[in-house]
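A.B. asks:
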Amino acid sequence: MAAAMRRFTAQKVLEFRTNSCNVGIINSYFRKSLPCCSYVTYVGKAASGMMRQNAQSNRNKQGRSTLQKGRRTPQKGSNVLNHTRSIKMSPETTDWPSVYSGSETYNPSVIPIMVRMGRYRHNRTDKMPNRSFGNIELMKIPNFFHLSPPAIQRQSEAIKHLCKPWPTDLNPSTRPIRVITRNYLFAGPSLYHPRSRKVKIQISLKDLILDEHARNKLIELVGPRYDKETDTLTIVTDRCPTRKQNKDYALYLLTVLYHEAWKTESWEADAIVEEPDVAPETIKNKRRSPKRFQLIGDELYRLNQYGKAFKVDIKTKV
Numbered sequence: 001m002a003a004a005m006r007r008f009t010a011q012k013v014l015e016f017r018t019n020s021c022n023v024g025i026i027n028s029y030f031r032k033s034l035p036c037c038s039y040v041t042y043v044g045k046a047a048s049g050m051m052r053q054n055a056q057s058n059r060n061k062q063g064r065s066t067l068q069k070g071r072r073t074p075q076k077g078s079n080v081l082n083h084t085r086s087i088k089m090s091p092e093t094t095d096w097p098s099v100y101s102g103s104e105t106y107n108p109s110v111i112p113i114m115v116r117m118g119r120y121r122h123n124r125t126d127k128m129p130n131r132s133f134g135n136i137e138l139m140k141i142p143n144f145f146h147l148s149p150p151a152i153q154r155q156s157e158a159i160k161h162l163c164k165p166w167p168t169d170l171n172p173s174t175r176p177i178r179v180i181t182r183n184y185l186f187a188g189p190s191l192y193h194p195r196s197r198k199v200k201i202q203i204s205l206k207d208l209i210l211d212e213h214a215r216n217k218l219i220e221l222v223g224p225r226y227d228k229e230t231d232t233l234t235i236v237t238d239r240c241p242t243r244k245q246n247k248d249y250a251l252y253l254l255t256v257l258y259h260e261a262w263k264t265e266s267w268e269a270d271a272i273v274e275e276p277d278v279a280p281e282t283i284k285n286k287r288r289s290p291k292r293f294q295l296i297g298d299e300l301y302r303l304n305q306y307g308k309a310f311k312v313d314i315k316t317k318v
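Under full-length UniProt numbering, the sequence shown has 76 at position 76, and the numbering climbs by one with no breaks.
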């Protein structure tokens, strides 16, 4: 009986799907045809779901037809309706410094280069990284499209009249302090590198006005920062957050050390320079444990500290 009812229900559903389109007719049809209320409920749910799908497909078709009416017809021989600037751009005739006049984020619609950015995607048909369009990773890193060779040449010619020739009579001894800094080029969200704030200042003690007392005191104050072989004092600062602050702090330390070296305290006159005692070199004899030998039969054996015997071969000169 149950099998017959299922076949009857399936037959009615097929008839409904092929012939019926009105919800009211469907409900009355099933109420008259099906004897069991549970089957009526099941088929009613199926019918309502199918009607919703038909209504959604009709709305989609209507929307697509409306968009087709509002679009412009493409030109003959063109496959893309709206070309981006990167596709229309001709590298031979384009003035690139005017396109990228300053530092900007990566814009795929302007740059005529097809690049990918990201990691390989696993368990997918297309494992390659994302393209440049809609790729947020390309917007995070700085670029140097505004510093192309034509742009640098144009900017150099614009400021050329403001530059002066390098002085030929420059004496390096008039600038005894050497300030050493480093700039880093790296891929990151910021142009600022944490180690770029480090500042190193070097100066030779012969370039400072010091007497014997001030020189010795300055060497004692700086400790390992003084290199005796090159007669160079090196001060490194990296505690402040910016490079300018570290440079000012290093120059401040050099000024304080110089003035402190010229001061003579009252206790310095009574100070006695202690010379290190040079102890005579003594040969330390290494303590060795006595070797033990034992004669077993006609052969000589050596015993170690654990009592294990090793045969000793005695070589005699002929």
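Ideal Cβ positions, reconstructed from N, Cα and C, are used throughout, including at glycine.
Which residue's Cα is closest to the Cα of R215: G223, L205, P224?
C.D. replies: Answer by Cα proximity: L205.
A.B. asks: Which residue wins for smallest C-alpha separation from R197, given the options R182, P167, Q56?
C.D. replies: It is R182.
A.B. asks: Does the structure place the stretch 245-255 close enough to the stretch 187-203 that three or more beta carbon pairs sit under 8 Å?
C.D. replies: A contact exists between the stretch 187-203 and the stretch 245-255.
A.B. asks: Are at least three pairs of beta-carbons, each pair with one atom in the stretch 257-264 and one in the stretch 215-229, less than 8 Å apart?
C.D. replies: Yes: at least three Cβ pairs fall under 8 Å.
A.B. asks: Using the C-alpha atoms, what's the distance from F144 back to L185?
C.D. replies: Between L185 and F144, the C-alpha separation is close to 11 Å.
A.B. asks: Can you give me the start and stop residues for the alpha helix (DSSP H) that L257 sits inside?
C.D. replies: Its alpha helix (DSSP H) spans residues 243-261.
A.B. asks: Tell me which residues share the same chain as S78 and place their Cβ nearer than 6 Å to its Cβ, disregarding the 5 neighbours each side in the sequence.
C.D. replies: For S78, the predicted structure reports a pLDDT of 48, less than 50, and the residue's modelled location is therefore unreliable. A value from the coordinates is still provided. Here the set comprises nothing.
A.B. asks: Report the residue from Q153, P150, T255 whose alpha carbon sits nearest the alpha carbon of I203.
C.D. replies: Here the closest residue by C-alpha is T255.
A.B. asks: For the alpha helix (DSSP H) that contains V99, what are its first and last residues?
C.D. replies: Segment 96-99, the alpha helix (DSSP H) holding V99.
A.B. asks: Identify every run of the alpha helix (DSSP H) within the stretch 105-155, keeping only runs that are complete inside it and at least 4 residues long; order them along the chain.
C.D. replies: Qualifying alpha helix (DSSP H) stretches, in chain order: 137-140.
A.B. asks: Cβ atoms of M139 and T105: under 7 Å apart, would you say?
C.D. replies: Taking 7 Å as the Cβ cut-off, T105 and M139 qualify as a contacting pair.
A.B. asks: What are the partner residues of V199, as DSSP defines its beta bridges?
C.D. replies: DSSP lists T237 as partners of V199.
A.B. asks: Going by alpha carbons, who is nearest to V236 out of L251, M50, E229?
C.D. replies: Closest by alpha carbon: L251.
A.B. asks: Using the Cα positions of W96 and Q56, report the straight-line distance between them to the nearest angstrom.
C.D. replies: Computed Cα separation, rounded: 49 Å.
A.B. asks: Quick one: grab the DSSP three-state call for S90.
C.D. replies: S90 falls in the coil class under three-state DSSP.
A.B. asks: Identify, in the order they occur along the chain, each residue of the same chain with its Cβ nearer than 7 Å to the Cβ of V222, setting aside the five sequence neighbours on each side.
C.D. replies: The answer, listed in chain order, is L233, L257.
A.B. asks: Tell me whether A205 sits in a helix, a strand or coil according to DSSP, three-state version.
C.D. replies: Correcting the residue type first, residue 205 is Leu in the shown sequence and not Ala. Helix.
A.B. asks: Would you check if the stretch 131-138 and the stretch 148-155 touch, i.e. whether three or more CB-CB distances between them fall below 8 Å?
C.D. replies: With the cut-off at 8 Å, the stretch 148-155 and the stretch 131-138 do not touch.
A.B. asks: Which of the three DSSP states, helix, strand or coil, is assigned to K311?
C.D. replies: DSSP places K311 in strand when its eight states are reduced to three.
A.B. asks: State buried or exposed for V115, treating a residue as buried only when at least 16 other CB atoms are found within 10 Å of its CB.
C.D. replies: Answer is exposed; the Cβ neighbour count stays below 16.
A.B. asks: Kindly say whether M117, judged by its beta-carbon, lies nearer than 7 Å to any beta-carbon of chain C.
C.D. replies: The chain inventory of the structure shown lacks chain C, comprising one protein chain alone.
A.B. asks: If you draw a straight line from the alpha carbon of P290 to that of L303, how long is it in whole angstroms?
C.D. replies: Cα to Cα, the separation comes out at about 10 Å.
A.B. asks: Could you give the residue range of the beta strand (DSSP E) that holds I177?
C.D. replies: Premise fails: I177 is in no beta strand (DSSP E) and is neither H nor E.
A.B. asks: Can you check whether the CB of R85 is closer than 7 Å to the CB of S109?
C.D. replies: Yes; because the gap between Cβ atoms is below 7 Å, this pair is in contact.
A.B. asks: With 16 as the cutoff for other CB atoms within 10 Å, does V99 come out buried or exposed?
C.D. replies: By the neighbour-count rule (16 or more Cβ atoms within 10 Å), V99 is buried.
A.B. asks: Sort out for me which residues DSSP pairs F186 with in a bridge.
C.D. replies: BP columns for F186 are empty, so no partner.
A.B. asks: Go ahead and pull the three-state DSSP assignment for I296.
C.D. replies: Here I296 sits in strand by DSSP.
A.B. asks: What is the residue span of the alpha helix (DSSP H) that R215 lies within?
C.D. replies: R215 -> alpha helix (DSSP H) spans 212-222.
A.B. asks: Between D207, D270, P189, which lies nearest to T174 when the distance is taken from Cα to Cα?
C.D. replies: Here the closest residue by C-alpha is D207.
A.B. asks: Hey, could you find the ends of the alpha helix (DSSP H) D270 is sitting in?
C.D. replies: Its alpha helix (DSSP H) spans residues 266-270.
A.B. asks: Within a Cβ cutoff of 6 Å, which residues of the same chain sit near D313, ignoring the five residues on either side of it in sequence?
C.D. replies: Taken in chain order, the list of residues that qualify is empty.
A.B. asks: Quick check on P303: does DSSP put it in helix, strand or coil?
C.D. replies: Reading off the sequence, residue 303 comes out as Leu, not Pro. Of the three classes helix, strand and coil, the one that applies to L303 here is strand, per DSSP.
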